[in-house]
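What follows is a short report on a single structure.
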Amino acid sequence: MQVENGQFKPTIVAFCCNWCSYAGADLAGTGRMQYPAEVKIIRVPCSCRVNPMFILRAFQRGADGVILCGCHPGDCHYTTGNYYARRRMTMLFDFLDYLGIEKERTRVEWVSAAEGARFASVMNDFVKKVTELGPNKRITDLRCKPEKEGE
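So the sequence shown is numbered by the working numbering: it starts at 970 and just counts up by one.
Here is the structure:
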């Protein structure tokens, strides 16, 4: 969480598959398409390699929102990886609901390498929704918060 000029700026973690979504993010960058700098991209070989614990850990470490981006179903370079990711994320959404975390803080999107404009649009929309929700206060690890001077 960041506060700039009194306005909340969310920290967003984006897990992007190497073959499609990361290439889409690269295309958005080279095409000078705008999306917020608060989006921190983590490149993974495939969306199925994202363990649900990674998402919980991101929230615990201070993320206000987490998005998983992968290849479109049927276009996975590892044949069925995104189907496994979709199934895992469905289960994770139920668990996050049980923990009391708003479902709008987590999202799954399929973005191909040729969809740089779509990547930027998805990120802008997701950041807007998380900004409206405000800071994530449900899961926090006190060890991960920066110390304030004078304490």
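The C-beta atom is built at its ideal place from N, Cα and C for all residues, glycine as well. All values reported here derive from a predicted model rather than from experimental measurement.
Taking each of 1058, 1081, 975 in turn and checking the Cα distance to residue 1022, the smallest one comes out for 1058. In terms of Cα proximity to residue 1043, the closest of 1061, 1034, 1054 is 1054.
Per the DSSP secondary-structure output, residue 983 pairs in a beta bridge with 1010, 1036.
Following the DSSP letters along the chain, one finds residue 1077 inside the beta strand (DSSP E) bounded by residues 1075-1079. When DSSP reads this structure, residue 976 sits in a beta bridge with 973. Beyond the five residues adjoining it in sequence on each side, residue 1045 comes within less than 6 Å, by CB distance, of 1051 in the same chain, given in chain order.
The continuous alpha helix (DSSP H) containing residue 1024 extends over residues 1021-1029. In the DSSP annotation of this structure, the continuous segment of the alpha helix (DSSP H) that includes residue 995 starts and ends at 990-999.
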